[in-house]
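Position 200, counted from 1, in the sequence shown is what numbering that gives the first Met the number 0 calls 199; the numbers after and before it change by one each time, with no gaps. Glycine included, every Cβ here is placed at the ideal spot set by N, Cα and C. Here is the structure we will look at, set down as structure tokens.
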Amino acid sequence: MSGAFLRLLEVTKRFDERSVIDSVSLELGEGQAMALLGPSGCGKTTLLRLIAGLETPDDGEIWIAGQKVAAKRRNTVPPRGRNIGFVFQDLALWPHLTVAGNLDFVLRSQQWEKRTRKARIEEVLRMVHMFPHADKYPSQLSGGEQQRVAIARALVARSQLLLLDEPLSNLDSDLKSTLLEELSVLQRQLNLTTLYVTHDQSEATSFADTIVRMKNGRIGEIVVSDQSKLNASAKAILMTCEE
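Okay, here's the thing in structure tokens:
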């Protein structure tokens with residue numbers, strides 16, 4: 000068995016007889032950041048949803064941390080049991096809960112003790128520079144602040160795997176650049192195994208160790224980081240492989 004932290008084996012997903020994901024095999028090592036790059040409709044988001052357990056593969060297997068979490072037409076581990084943090088494209092913050100409340104909901108659902116929850120929420124909100132806004136509601140925050148809260152919520156339960164679906168797509172270029180750098184720093188400091196979906200090549204090359212281009216539900220090109228430059232600039236160089 001491979002030592003990869005995340006492993007997909009010939010995963011296929013069909014909707015109305017159409018293969019949205021077509022025999023995808025993929026490996027991601029612990030602590031690595033991978034970007035899925037491609038146009039809308041190529042299967043990137045569906046692949047994230049399969050990994051998270053929000054969809055079930057029609058064929059193939061998905062393994063996380065040495066455990067098989069999904070196989071043909073069944074999830075062997077439910078979403079809650081996969082220890083995954085997910086940042087959705089629309090953020091999906093709960094509007095009736097405060098910033099702290101959004102994070103507390105996640106911890107309560109995983110049965111963290113109250114005293115531990117409070118300390119962990121403060122720790123993570125300070126990490127993303129949002130602790131002064133802990134008692135505000137999402138509607139009282141700017142777009143960038145909401146994004147930071149969504150990231151904090153994904154991290155608060157000490158997730159092993161972080162899934163990011165077009166997390167910066169609705170932000171202006173300056174704010175996007177700032178948050179992307181902050182996210183890159185967090186990913187490295189916390190040694191997070193991360194899968195980042197985007198259609199923006201500059202985001203992918205700035206953030207990821209490895210980039211996978213997707214087209215029509217299949218893996219196309221591979222992007223491999225220049226390891227000698229990674230710590231200094233977190234840039235990547237493109238290497239193509241045969242489809």
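For the pair I210 and L35, the CB atoms are nearer than the 9 Å cut-off. Burial state of N215 is exposed, judged by a 10 Å Cβ sphere holding fewer than 16 other Cβ atoms.
Between the segment 2-11 and the segment 173-183, the count of Cβ pairs shorter than 8 Å is below three; the stretches do not touch.
N190 counts as exposed, since fewer than 16 other C-beta atoms from the protein chains shown sit within 10 angstroms of its C-beta.
9 Å or more divides the Cβ of V127 from the Cβ of V105.
The C-beta separation of R217 from V76 comes to about 26 Å, leaving the pair out of contact by the 8 Å criterion. In this structure, DSSP gives Q186 a helical state, which the three-state scheme calls helix. Between L163 and V98, the C-beta gap is not smaller than 9 Å, which leaves the two residues out of contact. A residue is called buried once 16 or more other Cβ atoms fall within 10 Å of its Cβ, and P38, having fewer, is exposed. A residue is called buried once 16 or more other Cβ atoms fall within 10 Å of its Cβ, and K43 is buried on that count.
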